[in-house]
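What follows is one structure encoded as structure tokens, with my remarks underneath.
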Amino acid sequence: MPSPASAPRAHDTAPSLPAFALHSTTIAFLASSAQQFLHEALHGLVALLVGARWEKWWFQATQWSPPGAEELSPLRVGLIKGTPALVNILCAFACMALLARRRSPWPPNLRLLVFYFGAYSLFSGFGYLMVDPLFAGPKSVGDWARVVMLLGGSWAVRLPIILVGAAGVTYGFFWMGNQALRFSVGDAAGRTQHLRLGLALCIIPYLAVNALSTLIFLTSPLSPGVFWASVLKYWFGYIGFFWAYMIKFVWKKFEGPAPGAVQLSARLDTAWLVAALAVLLVDLFLLAPGITIQQAPPG
Numbered sequence: 001m002p003s004p005a006s007a008p009r010a011h012d013t014a015p016s017l018p019a020f021a022l023h024s025t026t027i028a029f030l031a032s033s034a035q036q037f038l039h040e041a042l043h044g045l046v047a048l049l050v051g052a053r054w055e056k057w058w059f060q061a062t063q064w065s066p067p068g069a070e071e072l073s074p075l076r077v078g079l080i081k082g083t084p085a086l087v088n089i090l091c092a093f094a095c096m097a098l099l100a101r102r103r104s105p106w107p108p109n110l111r112l113l114v115f116y117f118g119a120y121s122l123f124s125g126f127g128y129l130m131v132d133p134l135f136a137g138p139k140s141v142g143d144w145a146r147v148v149m150l151l152g153g154s155w156a157v158r159l160p161i162i163l164v165g166a167a168g169v170t171y172g173f174f175w176m177g178n179q180a181l182r183f184s185v186g187d188a189a190g191r192t193q194h195l196r197l198g199l200a201l202c203i204i205p206y207l208a209v210n211a212l213s214t215l216i217f218l219t220s221p222l223s224p225g226v227f228w229a230s231v232l233k234y235w236f237g238y239i240g241f242f243w244a245y246m247i248k249f250v251w252k253k254f255e256g257p258a259p260g261a262v263q264l265s266a267r268l269d270t271a272w273l274v275a276a277l278a279v280l281l282v283d284l285f286l287l288a289p290g291i292t293i294q295q296a297p298p299g
């Protein structure tokens, strides 16, 4: 017998999914923002831990500087630049471990949040390892581009990092698709409903969250280079949402709902929507213009 938290209700079994698509998008946006907050905050926190100054925090960037006239050692610079992506990967592994438990006491919506946070963390962390070394150069500002150059910049350094990143991103296509199949809305078991569920879980959140994030980037005073790097990270770096849908919902033969799938409500949950709107306002009016953490030294 299904647990009360996952048992379907009569009004949740309608085949129409537009309200659920809006609901899944609000949760995906919260997960995306949480991943972005964590990544940029870690740049600043690690800078403080290694003796640097954390001066400014934007939605998509962090400004830090040496504590005085002296330069930071390569090791400390590498820690500041490289740690956030590695923590993203660790967060993804933690989410994988949590979701591997088929019987969970969590409410279904919280499980959905962990699913999205794991997906964004995985594609972000491994994406840095896959892409940054390809374009690393003396003037590169990318996180792992700087790490690669600090390690010498040779292809003997780049290639293993690229391969690890590519393997992680590719694995993410299949992991995300498999996890999405473990959610269900209503009692419809046909292929059309199956495809619509995949759209609501993967494609619509991908498009909507990226559009909202691009709006946030447009309101930021940062340089055009940072804007385009951020846009590419979201639209290209999270393309795994699209491939997860294609691999597991479109190309895979439909064999009916997954056994033991977590039943999600098809209704829009107002509390989650309010939380997402609050986070959007923080993104637009605080983090997009930037928050000063430490005043830059004069001169």
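In this text, residue positions in the sequence shown follow the numbering used here: the first is 1, and each later residue adds one. Here a beta-carbon is modelled for each residue, glycine too, at the ideal position from N, C-alpha and C.
T219 (DSSP reduced to helix, strand or coil) = Note: T219 maps to coil in three-state DSSP.
message = Checking 8 Å against the spacing of the C-beta atoms, do P205 and F241 come in under that value?
response = Taking a C-beta distance under 8 Å as the contact criterion, P205 and F241 qualify as a contact pair.
query = Since G168 and I293 are thought to touch, with beta carbons under 8 Å apart, how far apart are those beta carbons, to the nearest angstrom?
reply = Contact doesn't hold; Cβ gap of about 31 Å is too wide.
ask   = For R267 versus A21, is the C-beta spacing smaller than 8 Å?
value = No, they are not a contact pair.
Unbroken beta strand (DSSP E) run spanning L287, endpoints = Annotation for L287: no beta strand (DSSP E) segment contains it, and DSSP assigns it neither H nor E.
Rounded separation between A85 and P66 - CA only = Whole-angstrom Cα-Cα distance: 21 Å.
task = Identify whether E55 lies in helix, strand or coil by the three-state DSSP scheme.
result = Here E55 sits in strand by DSSP.
inquiry  = Between the alpha carbons of G137 and L17, how many angstroms are there, rounded?
reply    = Computed Cα separation, rounded: 47 Å.
ask   = Are there 16 or more other CB atoms within 10 angstroms of the CB of L163, so buried, or fewer, so exposed?
value = Counting the other Cβ atoms within 10 Å of the Cβ of L163 gives fewer than 16, which makes it exposed.
task = Apply the 10 Å Cβ neighbour rule to D283 and answer buried if 16 or more other Cβ atoms are within range, or exposed otherwise.
result = Classification of D283: buried, given that the 10 Å Cβ count is 16 or more.
key: Reduced DSSP secondary structure (H/G/I, E/B, other) of Q117   = Going by the sequence as given, residue 117 is Phe instead of Gln. Of the three classes helix, strand and coil, the one that applies to F117 here is helix, per DSSP.
query = Which class does F242 belong to by DSSP, given the choice of helix, strand or coil?
reply = In the three-state scheme derived from DSSP, where H, G and I count as helix and E and B as strand, F242 is classed as helix.
ask   = By a C-beta neighbour count over all protein chains shown, 10 Å radius and 16 as the cutoff for buried, is T270 buried or exposed?
value = Exposed, by the Cβ-count rule.
task = Compute the Euclidean distance between the alpha carbons of A180 and C95, then round it to the nearest angstrom.
result = The straight-line gap from Cα to Cα measures roughly 14 Å.
ask   = Contact check, G78 vs V147 under 8 Å by CB: the rounded distance?
value = With a Cβ gap of about 5 Å, G78 and V147 count as contacting.
key: Proximity below 8 Å, CB of F174 to CB of I239   = For F174 and I239, no; Cβs fall outside 8 Å.
request  = Determine the burial state of G68: buried for a count of at least 16 other Cβ atoms within 10 Å of its Cβ, exposed for fewer.
outcome  = G68 counts as exposed, since fewer than 16 other beta carbons sit within 10 angstroms of its beta carbon.
key: Identity of the residue in L287, Q295, S265 nearest A34 by Cα   = When L287, Q295, S265 are compared, the shortest CA-CA separation from A34 is found for L287.
request  = State the beta-bridge partners of V262 as determined by DSSP.
outcome  = Listed as beta-bridge partners of V262 by DSSP are F183.
task = Indicate the three-state DSSP secondary structure (helix, strand or coil) for W235 in the structure shown.
result = Note: W235 maps to helix in three-state DSSP.
inquiry  = Here's a check: name, in chain order, each residue in its chain whose Cβ is nearer than 6 Å to the Cβ of L194, leaving out the five neighbours to either side.
reply    = It should be pointed out that residue 194 corresponds to His in this sequence rather than to Leu. Here the set comprises F254.
inquiry  = Suppose you measure from the CA of L201 to the CA of S24; what does that come to, to the nearest Å?
reply    = Cα-Cα distance, rounded: 6 Å.
message = Please classify L222 as buried or exposed, where buried requires at least 16 neighbouring CB atoms within 10 angstroms.
response = Looking at its Cβ environment, which holds 16 or more other Cβ atoms inside 10 Å, L222 is buried.
inquiry  = Quick check: V279 and L38, are their CB atoms within less than 8 Å of each other?
reply    = In this structure, V279 sits away from L38, with a CB-CB distance that is not shorter than 8 Å.
request  = Measure from the alpha carbon of V307 to the alpha carbon of each residue in G198, M176, L207, then state which is nearest.
outcome  = Residue 307 is absent from the model: the chain starts at 1 and stops at 299.
ask   = Which ranges would you report for the alpha helix (DSSP H) in the stretch 69-152 if only whole runs of at least 4 residues count?
value = If we require 4 residues or more, the alpha helix (DSSP H) runs fully inside the stretch 69-152 come out as 74-99, 108-131, 143-150.
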